[in-house]
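I have placed the structure first, in the form of structure tokens, so that the comments after it can refer back to it.
Protein chains: 2
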Amino acid sequence: MRGGKAGAEGGARGTGRRRTPERAGPRAARAAGTAGEAGTAGAILRAAERLFGEHGYEGTSVQQLAQLAGVNKALVFYHFGSKQQLFDAVLERYYRAHARAIRQAIRRARGGPRERIHQLLDGYLDFMERHRVYPRLVQQELARRSGRLELIRRNLGELASAVRTLLAGLCPEQGPLAPEHFFASFAGMVVTWFTHAPALGELWARDPLGTAMRRERRAHLHWVVDALLDRLLGERGPHAQRRP
Amino acid sequence: MRGGKAGAEGGARGTGRRRTPERAGPRAARAAGTAGEAGTAGAILRAAERLFGEHGYEGTSVQQLAQLAGVNKALVFYHFGSKQQLFDAVLERYYRAHARAIRQAIRRARGGPRERIHQLLDGYLDFMERHRVYPRLVQQELARRSGRLELIRRNLGELASAVRTLLAGLCPEQGPLAPEHFFASFAGMVVTWFTHAPALGELWARDPLGTAMRRERRAHLHWVVDALLDRLLGERGPHAQRRP
DNA sequence: CATGATGTTGACCAATCGGTCAATAGCCAG
DNA sequence: CTGGCTATTGACCGATTGGTCAACATCATG
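Here the protein sequences line up with chains S and D, keeping their order. The first sequence lines up with residues -15 to 228 when you count with the working numbering. The second sequence lines up with residues -15 to 228 when you count with the working numbering.
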């Protein structure tokens, strides 16, 4: 807790302004549209996406935010109510975009289970490549105390249930080969590639986010998908588990 | 940049103190020992490990640090010079412990390549389970501007080269099946399990860090190792690549 | 006891923090 | 032109930030 009235309550000083906390901007951000958000609020939002993604919540000041957006600092509070609510708005936007991308990838998927899984992976990778600060944002939110976990859960839930549906019948429902583990494994393999990109680049003297390396990574992940699916299908037969 | 002289330079005001920045503590932290660090400096270090790991660098104040350690705030600067240098000390300690654990796992490994790989994975998991804030610390450091990338590279390098040695002859040296990709994949699968634990727990109503789930996860990862190795070995034969 | 190094303390600093507020600019409807 | 509404501004607030400093405690050695 730092600065300010530390609670937004307790004021009611002199003027009759009752300080309704639900206000938070010009009529709920322009009809709550999913538009590209031109104008002042949009500029602030874009600056927030970048700075929160690069420096984290605590590492970003409202001053920097306003400066990058090219607007007055007070406008941030006018349009979004508080720094925390601005952060929530940024997360919400990303989550919506992510969920939309996942749904689209599932809807467009064609072919058998194996092909559909490959297409879902491609959709996931596409989204990550288009929104590179997103995994960092999520990770930083996870690290924070009393983060908006329900937001994350809602969003992760969409992807997780998609994976569970796709894997239905291909793997056991419980134990080490449950869909949850495969979901966590692939999310991990994809996400860390982006969050650890600076260190991996330093280590290999090749930019992991460059075109060539991204394509290579994609091929690697598809190869892993096939390897796991083959073993999964093989084990449904007479094969025994290797490491009990 | 926030507070203070904002540069530690340019002072030289009045007093003759030339402000040698190399000072930073009581003769370089008690002979630079790897000891358990009892005493004031140790208490500060332990508090720093916890708070930096939980709230991140920017999210932790020197005040909180000193309070948790039960010492005066000024002592933090006396023993470690600055907040940044304290953070570096914490990272350095973890890196040393990590490198030691990796070396030990490699030295103790017995059997053929497959068995050695399994044992290295176990060693990696053991370390992560014992130091749960470590992956968060690394991630937060990665996200920060002008982080100590060389520190991370040195540490990641040790593990990466171990993986490369173990995989030598088992996989191509370049392309989507290069050791680097397998290294990144397994690091990702392990690390995200810990960094995303709160969200995954919320999602599944089971604690990913609980004993049962940790054991399950370990079994899953060993299964993945076998699946990938089998396919890798199979492809060295007459098999063709599935997805060109 | 005197001395000097090593630890420790609380008061203090400028800068910055998130947030508020009265004044105002712009604009459209009446 | 006049209200009334929204958007914008700059000055301002108390709290907290990382960091400094002179005074002081502690203690082994001369």
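We put the CB at the ideal spot given by N, CA and C, even for glycine.
| Asked | Found |
| --- | --- |
| Listed by chain order, chain S residues near D:D214 by CB distance under 8 Å | A211 and R215 |
| Backbone secondary structure at D:A50 - three-state DSSP | helix |
| Boundaries of the alpha helix (DSSP H) in which S:A162 is found, first to last residue | Element bounds for S:A162: n/a, residue is neither H nor E. |
| Simplified DSSP assignment, three categories, for S:G32 | The sequence shown places Ala at residue 32 of chain S, rather than the Gly named in the question. In the structure shown, S:A32 sits in a helix (DSSP, three-state: H, G or I). |
| S:N56 versus S:F71, S:R84, S:A85 and S:A25, residue with shortest Cα-Cα distance | S:A25 |
| The segment 198 to 207 of chain S / the segment 151 to 169 of chain D touching (three or more Cβ pairs under 8 Å) | yes |
| Cβ shell of S:Y41 (< 7 Å), same chain only, five flanking positions each side left out | F71, Q124 and R128 |
| S:I28 beta carbon near the ligand NAD (any heavy atom closer than 7 Å) | This structure does not include the ligand NAD; it has no bound ligands of any sort. |
| Presumed contact (8 Å Cβ cut-off) between S:L59 and S:A31, rounded CB distance | Not really, about 11 Å apart at Cβ, beyond 8 Å. |
| Members of the segment 164 to 175 of chain S near chain D, C-beta cut-off 7 Å | E164, H165, A168, S169, A171, G172, M173 and V175 |
| Where the alpha helix (DSSP H) containing S:N139 begins and where it ends | L133 to L151 |
| Residues in the segment 177 to 195 of chain S having any Cβ partner in chain D nearer than 7 Å | W177, T179, H180, P182, A183, L184, E186, L187 and W188 |
| Cα-Cα separation between S:D110 and S:S145, rounded to whole angstroms | 19 Å |
| Residues of the segment 130 to 147 of chain S with Cβ closer than 7 Å to any Cβ of chain D, in chain order | L133, I136, R137, L140, G141 and A144 |
| CB contact check: S:P160 to chain D, cutoff 8 Å | yes |
| Closest Cα partner of S:W177 within the set D:L75, D:F166, D:M112 and D:R114 | D:F166 |
| Anticipated Cβ contact below 8 Å, S:A89 with S:G107, distance rounded | 3 Å |
| Of the residues D:R87, D:Y79 and D:A73, the one placed nearest D:T149, counting alpha carbons only | D:R87 |
| Length of the line joining the Cα atoms of D:L126 and S:A183 | 7 Å |
| Within chain D, partners of S:G107 - CB distance below 9 Å | What S:G107 touches in chain D: nothing, since even the nearest Cβ is about 16 Å away. |
| Cβ neighbours of S:A83 in the same chain (closer than 7 Å, five flanking residues each side left out) | N139 and E142 |
| is_contact[S:V208, chain D] using C-beta, thresh 8 Å | yes |
| Counted within 10 angstroms of its Cβ, other Cβ atoms place S:P119 as buried (16 or more) or exposed | buried |
| Proximity test, Cβ basis, 8 Å: D:L126 and chain S | yes |
| Backbone CA spacing between D:R114 and D:E219 [nearest angstrom] | 37 Å |
| Interface residues of chain S facing D:H63 [CB-CB closer than 8 Å] | Under the 8 Å cutoff, chain S gives no residues; its nearest Cβ is about 24 Å from D:H63. |
| Neighbouring residues, chain S, relative to D:R120 (Cβ below 9 Å) | Q123, L126 and A127 |
| Among S:L29, S:R77, S:Q103 and S:L187, the one whose alpha carbon lies nearest that of D:L135 | S:L187 |
| Residues of the segment 25 to 55 of chain D with Cβ closer than 9 Å to any Cβ of chain S, in chain order | G37, E38, H39, G40, Y41, E42, G43, T44 and S45 |
| Buried versus exposed, by CB contacts within 10 Å (16 or more), S:E200 | buried |
| Proximity winner among S:L151, S:V46 and S:A189, relative to S:L216 (alpha-carbon distances) | S:L151 |
| Residue of D:A181, D:E38 and D:R132 minimising C-alpha distance to S:A168 | D:A181 |
| CA nearest to the CA of S:H39, picked from S:R137, S:I101, S:T179 and S:G54 | S:T179 |
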